[in-house]
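In my numbering, the protein residues as written are 1010 to 1078. We treat Cβ as the ideally placed atom computed from N, Cα and C, and that holds for glycine.
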């Protein structure tokens, strides 16, 4: 999982970063409630980023923008 690897790198680089993972197989209702409509999906507040392929650059830009707020 490219997204998972990139998020693990970001967790090491940004000590204050908190990442919550939702297992959609065991918690499909929560995933739906949280706005997860495709895998992978990243969410920060009301902002979401999802797509079949998310590049490391897209992931980093999303996280950086979310941290600005």
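Neighbourhood of residue i by C-beta distance below 7 Å, restricted to the same chain and skipping five residues each side
| i | result |
| --- | --- |
| residue 1065 | 1015 |
| residue 1020 | 1026 and 1028 |
Residues of its chain near residue i, where Cβ-Cβ distance is below 8 Å and the 5 sequence neighbours each way are ignored
| i | result |
| --- | --- |
| residue 1023 | 1072 and 1076 |
| residue 1054 | 1075 and 1078 |
| residue 1039 | 1031 |
| residue 1068 | 1012, 1015, 1016, 1019, 1051 and 1058 |
Residue range of the unbroken beta strand (DSSP E) whose run includes residue i
| i | result |
| --- | --- |
| residue 1051 | 1050-1053 |
| residue 1013 | No beta strand (DSSP E) contains residue 1013, which is instead part of the alpha helix (DSSP H) from 1011-1022. |
| residue 1059 | 1056-1059 |
Nearest to residue i (by Cα), restricted to the options the options
| i | options | result |
| --- | --- | --- |
| residue 1050 | 1038, 1019 and 1060 | 1060 |
| residue 1056 | 1017, 1043 and 1034 | 1043 |
With 16 other Cβ atoms within 10 Å as the buried cut-off, status of residue i
| i | result |
| --- | --- |
| residue 1045 | buried |
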